[in-house]
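Enquirer: Taking our numbering, the leading residue of the sequence shown gets 7, the next gets one more, and so forth.
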Amino acid sequence: MERQERQETPKKINDSVYEFYRGEDYKLEVVAFHGLCFDTYEDAYTTTWQDKDGTKCWLRDFIADKCPEAHVLSVSYDSCAKVSNEAGRMTFSNLGRILVQDLIHLAEVGQRGCPVVLIGYCLGGLVIQQLCIEAEKQYDQAPDGASKGRLDKFLTNVRTLLYLDTPRAGSSLGDYLRETYKCKGPVLEYLSKSSASLSSLNREFDSLVLEREWKQFICWYCYATKGWDSSIELTPALKVVTEASARRDAGELFTIEADHSGKAVSTAWSTNLVEVWDKLHNQTKQFIKMPAKDTCLGLKLNDSVYEFYRGEDYELEVVAFHGLCFDTYKNAYITTWLDKDERRCWLRDFIGKQHKKSRVLSVSYDSCAKKSNEGGKMSFSKLGQILVENVIHLAKVGKQGCPVVLIGYGLGGLVIQQLCTEAKKQIDQAPDPASKGLLEKFLKNVRAILYLDTPRAGSSLGDYLREKHQCEGPVLEYLIESYTSLSSLNREFDSLVVERQWKRCICWYRCATEVWNSIIKLTPGLEVVTERSARRDAEDLTTITADHSGKAVSTAWDELVQVWNNLHEKVRTIRKTKLPSSVPYLLRSRKVQKILKKGRCPLILVGHGLGGLVIKDLCNKTMDEVAKNGMNPDQLQALEAFVRSVCGIAYYGTSHTGYEYSSRGISPEFVGRLNSDFKWFITNHGCKELVVGETRPTLLTDSNESVIVDEFSASHGIQRNSFFPVAADHSSICKPESPLSNSFLYLKHFIHTTMQEVEYRNLNVRRKKRRGMAIIISMEDGRDGSDIDRRRFVDMADYINFHPIAILNRTAKELEGAIQGVLDRVNDEDECVLCCVSAHGFIRGGELFIYDTHNEAINLRPVVLKPVTESPKLVGKPKVLVINACREFEDDVVPKPEQIMPNADDCLLMYSCRLGEETWRRTDGYEKGTLFVGEVTNQVKWLYQTTDVQDIFAEVKRRVWELAPEVGKEQLPVLHSTLSKRLSWRPK
C-alpha cells in the first residue's frame with residue numbers, strides 16, 4: 007500500500023487536534039487523549055506518547071508501523087490541575103462542547119465510515135466519556151440535518167475504547183494536589199472518589215456503551231509513582247490509580263508494568279502494552295470494510311449530480327456525462343469512468359488527484375435505449391430542462407467563477423449540447439434576476455468541452471438497437487443523422503460555441519465494438535462511431551485505441567491522461583473571472599450594496615464585545631420600522647429584505663446581561679429589554695447564533711487583570727449548544743493567530759453550516775408549491791401575549807409553505823363565516839389543512855368552549871372542529887388541528903370521546919393541556935406568550951425537514967411536560983389521531 011511520509015512535527019488541524027500520521031486511503035482512525043497536567047498542557051498532546059528518551063513517539067513510530075492503513079490524531083485540551091492565567095480554568099461541560107466541535111465537526115473524525123479507536127491516558131479516558139456523552143446529547147438536540155448526520159456517523163463508527171491507567175472510580179492524586187499544592191482546577195472534581203459528577207458521568211456513559219455496543223480495553227499501571235508530570239515528587243510514592251478504580255466494573259483487565267509518571271508509554275513501550283494493541287487491532291479489523299469494485303459512489307447532491315472530489319477553494323470544475331445505456335442507467339454515472347479492473351475511477355483517482363484544487367462531478371440521467379419501468383422514457387427537451395435545474399441551479403456549477411470543463415462520452419456529448427442550448431434559451435425567459443444570473447455565470451465560465459467518441463453526426467448503433475432489440479427510447483432519435491432533431495441541435499450549439507468562444511477537444515475510438523453495455527453482442531463487430539461522425543466539422547481530432555464498449559476509460563486510461571493534460575493546459579491559458587479578494591473593497595462596491603439591500607444573498611452579522619448588542623439593536627429597530635409602515639414602498643421593501651437576509655449572528659466576547667457595560671451608560675435593564683425584543687426576531691426568522699467566549703483574563707492595568715465577559719454573561723439567553731469558549735482574552739478573541747485557530751475555525755464552520763441550511767431552505771421555497779391553507783384563529787382581547795402566539799403560528803405556517811389566514815377577535819357567527827370563507831379557497835392541489843386556535847377556554851357540559859371578542863362562549867366543536875374536519879373539499883386529506891386553550895371544568899360533566907376528538911378520518915388533533923388543567927401563558931418579560939405555542943412552532947421549524955409530523959408533536963408533548971415545572975406549573979399536551987398513515991411535511 008502506498009503510504010504518506012511520517013510527520014516528524016505533528017500537523018496542526020485546529021487548536022485541539024494534531025495529526026501524527028495519515029495513511030493513503032486510510033481505513034482506521036486512532037484518536038489519543040493525554041492525561042492530567044500540573045500547570046501547563048501545551049505539549050502534553052505529544053510528550054505523553056514519547057518513549058523514555060523522548061526520541062520516538064508511540065503514535066507515529068509504533069501505531070504507524072503496525073497499522074499503515076491508519077489515520078492517527080492526538081488531542082490537546084486544558085487538563086491543568088493548577089489555575090493560572092493560561093490554564094486550569096476549563097470545566098468538563100465546556101470541554102465536551104469544544105471537543106465535539108473541534109474533533110467531529112472540524113477535524114471530521116468518524117465521517118469516512120471507517121472504525122474509530124479512542125485512546126485515553128489517565129484523565130483522558132474520562133474526557134473521552136464526556137466527549138461521547140456530549141455528542142449523544144447534541145445529536146438529540148441538533149436542529150439541522152447536517153450536524154445530526156456528523157454526530158451520528160461519529161457515534162456509529164466508534165468501535166473500541168482503550169483506557170490507559172484511567173481512574174474510572176476516582177484517584178487519590180486529586181486530593182494530594184489540592185492539599186499539597188493548593189490546586190483548584192475544575193477537572194480535579196472528576197478525580198474525587200466521592201464525586202457525584204464522576205458517578206453521573208460513568209452512569210451515562212455505561213448506558214451509551216451498552217446502546218452502541220462499544221468494546222472497552224482496560225490497562226492498569228501496577229507500580230507506585232514517585233515522580234509525576236516531570237516536576238512533582240510524590241512523597242511517599244503514591245499508587246495513583248488502584249486496580250479497583252481502573253477496573254471498575256469491566257471484565258478483562260491488562261496489567262502493565264509501569265508507573266503513572268504522566269507519560270503513557272515511557273516505560274511501557276516494550277511491555278505487554280504492545281500485546282494489548284495487537285489484540286485491540288485484531289478485534290477492530292473486523293469492522294474495516296474492504297473496498298468493493300466500485301470504490302467511489304460519489305456524494306449525491308441531487309437526483310442527477312454526484313460529487314466525486316472537492317478541493318478546498320477549488321479553481322476548476324469538471325462535469326462528466328455518461329453515454330447511451332440499454333435498459334438501466336442507475337450506475338452509469340460511475341461505471342462509465344472505472345478502469346478495466348473496476349478498482350479505480352478516472353474522475354476521482356486521476357482528475358481529483360491531479361488537480362487538488364478542483365471540483366469533480368458526474369451526471370446521472372435517463373439515457374436508456376429500451377423502454378422499461380427503470381427508464382427509456384425521457385425526451386431530450388425534458389432532459390435539458392431537468393439538467394439545467396439540477397446541474398446549474400441546485401449543484402451551482404459555474405457559480406464559483408472558476409473555469410468549467412464538460413466531458414461527454416458517447417451520447418453524453420450530445421446531452422452537453424442540449425444542456426447548454428437549454429440554458430441559453432432560459433436566460434431569455436428567466437423571470438427573476440437570480441435565475442438569470444446563475445445561467446449566465448454557467449455559460450460564461452464554461453471553457454472547454456471534451457467529446458469522447460460522441461456521434462456528432464449520428465451512429466449506426468441506433469438503427470441496430472431498433473432492429474435487433476426493438477428499442478424505442480426517445481434518445482435514439484439523436485443517433486440518426488438524417489433526423490432533423492440532431493441537425494437542429496448541432497446548428498444551435500455551433501452558434502453558441504462561436505458566441506462564447508469555447509474550446510472543443512474531439513476524441514475518436516477507432517476499434518470496432520463486439521460487446522456493448524456489457525450484455526449486447528454486436529455481430530459482426532460494429533464501428534459505433536465513425537471518424538467522420540466524431541470529427542464532423544472539427545479540424546483537430548485525437549485517435550484513441552479503444553472500442554465503444556460503454557466504458558469511457560476501460561482500456562484507454564493512459565491515452566486519455568495525455569488528452570486531458572493537453573486540454574487542461576489550454577484551459578489554464580484562458581483568462582479567469584475571479585472576484586476581488588479584498589472584503590472591504592467588496593463592501594464599498596455599489597453593486598454589492600444593491601444586492602444586499604434587495605435581499606438577494608444571505609447575511610451573517612459578526613459582533614465583538616459591545617458590537618453584539620449593536621447588532622441586536624439594529625435588528626430590533628429595523629423590525630420596528632417595518633411594523634410602523636410609515637415610509638415609502640421602496641424603503642419598506644429594502645428594510646423587509648434586510649430582515650429576510652439575516653440568517654446568522656456571531657458574537658465574540660459579548661455580554662448579554664449588560665453588567666459589563668454599565669460604565670458606558672448602558673444599564674442591565676436596557677439590555678434586558680433589548681434581549682426580550684430580539685428573542686422575537688431570532689425565533690421567528692430562523693436565525694442561527696454562535697457565541698465565542700473568552701477564558702483568559704485581560705490585563706487592564708499593570709497590576710489588575712480580569713475576565714471581562716464570563717461564561718454566564720456571554721451565553722445568557724443564547725440558543726442551546728451555541729456557546730464555545732476559546733483560550734483567549736477579550737482583546738485577542740477576535741484576532742486569531744492563524745487560520746487554524748479555533749476562534750477562526752468556529753466562525754468558518756458556522757458560516758458554512760448556516761449557508762447550507764439557507765440553500766436548503768431556499769431550495770424548498772423555490773421548488774415546493776403551496777402545501778395548503780392554514781387557519782389561525784386568535785381571540786386576543788384581554789389576553790396579553792396572545793399576539794405573540796398568533797405571530798408564531800403565522801410565521802410557522804408560512805415557513806413550511808402553508809398559506810396562513812389569520813382570523814382575529816370574531817363573534818361566533820362571524821367566526822363560522824370566516825372559516826367557511828377560508829375553506830372555500832382550498833383547491834384540489836392542496837395536500838393538507840392546518841387549523842390553530844388560541845383563546846381562553848373551559849369545559850362545560852363535556853364540551854370545550856372558548857370566549858369570543860365580546861366575552862361570550864363559543865362551542866368549539868360545532869363552530870370550528872366540525873366544519874374543518876367534515877368539509878367536502880378535505881375528504882381524504884390530512885387535517886391538523888392545534889388547540890391552545892385552558893380545559894378547566896365549570897361543572898362535573900366528563901366529556902365523551904366524540905366530544906374530545908371529531909368523528910372524522912385523517913385528523914391529527916393536539917390540545918395544549920389535559921382535562922382539568924390550565925394552559926400557562928406569560929404576559930410580559932423575556933418570553934411572552936404560551937409555552938405550548940412556543941414549543942409547537944419551534945419544533946415544527948426545526949424538525950419538519952427530517953421528521954414525521956406525529957413524531958414532531960410527540961416531541962412537543964415531551965418538551966412542554968419537562969419545561970412546565972421550571973415555571974412552577976404542571977402541563978401535559980394531549981395528542982389524538984385518526985390518520986391512516988404517517989404524515990410528512992418534508993420538502994418534495
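The beta carbon of each residue, even a glycine, is placed where N, CA and C say it ideally should be.
Within the same chain, show all residues whose beta-carbon is closer than 7 angstroms to that of phenylalanine 855, passing over the 5 residues directly before and after it, in chain order.
Expert: Gly847, Phe848, Ala863, Ile864, Asn865, Leu866
Enquirer: Pull up the distance between the alpha-carbon of tyrosine 457 and that of tyrosine 32, whole angstroms please.
Expert: 35 angstroms
Enquirer: Tell me which residues share the same chain as valine 874 and place their Cβ nearer than 8 angstroms to its Cβ, disregarding the 5 neighbours each side in the sequence.
Expert: Ile781, Ile825, Leu829, Val839, Cys841, Leu880, Lys885, Leu887
Enquirer: Below 8 angstroms on the Cβ atoms is my guess for alanine 243 versus threonine 261; work out the distance and round it to an integer in Å.
Expert: With a Cβ gap of about 18 angstroms, alanine 243 and threonine 261 do not count as contacting.
Enquirer: Would lysine 377 and glutamate 478 be called neighbours here (beta carbons separated by less than 7 angstroms)?
Expert: yes
Enquirer: Hey, quick one: how far does the alpha helix (DSSP H) through histidine 287 stretch, first residue to last?
Expert: Counted as a single uninterrupted DSSP element, the alpha helix (DSSP H) harbouring histidine 287 occupies residues 279-290.
Enquirer: If we ignore side chains and look at the alpha-carbon of each, how far apart do tyrosine 932 and glutamate 876 end up?
Expert: Bear in mind that a pLDDT of 42 at tyrosine 932, under 50, signals an unreliable position, so the number given afterwards is only what the model happens to contain. Straight-line Cα distance between these residues: approximately 40 angstroms.
Enquirer: Which two residues bound the contiguous beta strand (DSSP E) that contains threonine 529?
Expert: 526-532
Enquirer: What does a CB cutoff of less than 7 angstroms around alanine 401 pick up in its chain, not counting 5 residues either side in sequence?
Expert: Leu307, Asn308, Val311, Leu367
Enquirer: Which runs of the beta strand (DSSP E) fall wholly inside the segment 370-442 and span at least 3 residues, in chain order?
Expert: 410-415
Enquirer: Taking 7 angstroms as the cut-off, decide whether the C-beta atoms of threonine 61 and histidine 40 are in contact.
Expert: Contact: no.
Enquirer: Roughly how far, in whole angstroms, is the beta-carbon of aspartate 858 from the beta-carbon of arginine 816, given that I think they are within contact range, below 8 angstroms?
Expert: 6 angstroms
Enquirer: Give me the Cα-Cα distance between glycine 882 and glycine 615, rounded to the nearest whole angstrom.
Expert: 55 angstroms
Enquirer: Report the rounded CA-to-CA distance for phenylalanine 799 versus methionine 907, giving the unit in angstroms.
Expert: 22 angstroms
Enquirer: From what residue to what residue does the alpha helix (DSSP H) around tryptophan 967 run?
Expert: 955-969
Enquirer: How is the beta strand (DSSP E) around glutamate 313 delimited, first residue to last?
Expert: 311-316
Enquirer: Counting only runs of 3+ residues fully inside the segment 839-910, write out the beta strand (DSSP E) ranges in chain order.
Expert: For the segment 839-910, whole beta strand (DSSP E) runs of length 3 or above, ordered along the chain, are 847-850, 853-857, 863-865, 885-890.
Enquirer: Taking arginine 354 as the reference, give the member of Ser387, Tyr315, Phe332, Asp333 with the closest Cα.
Expert: Tyr315
Enquirer: From valine 123 to glutamine 117, what does the alpha carbon distance come to, in whole angstroms?
Expert: Whole-angstrom Cα-Cα distance: 13 angstroms.
Enquirer: What do you reckon, are the CB atoms on proline 121 and arginine 156 nearer than 7 angstroms?
Expert: no
Enquirer: Are the Cβ atoms of leucine 42 and serine 85 separated by less than 7 angstroms?
Expert: yes
Enquirer: How about proline 731 and glycine 699: are their beta carbons less than 7 angstroms apart?
Expert: yes
Enquirer: Quick one: what does DSSP say threonine 549 is sitting in, helix, strand or coil?
Expert: Three-state DSSP puts threonine 549 in a strand.
Enquirer: State buried or exposed for valine 411, treating a residue as buried only when at least 16 other CB atoms are found within 10 Å of its CB.
Expert: With 16 or more other Cβ atoms from the protein chains shown falling within 10 Å of its own Cβ, valine 411 counts as buried.
Enquirer: Take the Cβ of lysine 584 as the centre, count every other Cβ of all protein chains shown within 10 Å, and call the residue buried at 16 or more, exposed below.
Expert: Residue confidence is low: lysine 584 scores 34 on pLDDT, short of 50, so the model does not pin down where it sits. Its coordinate-derived value is still stated next. Exposed, since its Cβ has fewer than 16 Cβ neighbours within 10 Å.
Enquirer: If you compare alpha carbons, which of Leu985, Ile757, Ile889 is closest to histidine 111?
Expert: Ile757
Enquirer: For the putative contact between serine 728 and leucine 696, defined by C-beta atoms under 8 angstroms, what is the C-beta separation to the nearest angstrom?
Expert: 6 angstroms
Enquirer: Please report the residue range of the alpha helix (DSSP H) in which arginine 472 lies.
Expert: 466-475
Enquirer: Decide if arginine 174 is buried, meaning its Cβ has at least 16 other Cβ atoms within 10 Å, or exposed.
Expert: Burial check for arginine 174: the Cβ neighbour count within 10 Å reaches 16 or more, so the residue is buried.
Enquirer: Taking leucine 563 as the reference, which of Ala845, Gly823, Arg350, Gly119 has the closest Cα?
Expert: Strictly speaking, residue 563 in this sequence is tryptophan, with leucine absent from that position. The candidate whose alpha carbon is nearest that of tryptophan 563 is Arg350.
Enquirer: So what's tyrosine 24 in DSSP terms, helix, strand or just coil?
Expert: strand
Enquirer: Hey, aspartate 108 and asparagine 20: beta-carbon distance below 7 angstroms or not?
Expert: yes
Enquirer: Which residue's Cα is closest to the Cα of leucine 914: Thr97, Leu921, Ile889?
Expert: Ile889
Enquirer: For tyrosine 24, collect the residues of the same chain with a Cβ closer than 7 angstroms to its Cβ; drop the 5 residues on either side in sequence, then sort them by chain order.
Expert: Pro16, Lys17, Lys18, Tyr51, Leu79, Ser80, Ser82
Enquirer: So for valine 481, helix, strand or coil by DSSP?
Expert: helix
Enquirer: Using 8 angstroms as the Cβ pair cut-off and three pairs as the minimum, do the segment 920-928 and the segment 948-955 touch?
Expert: no
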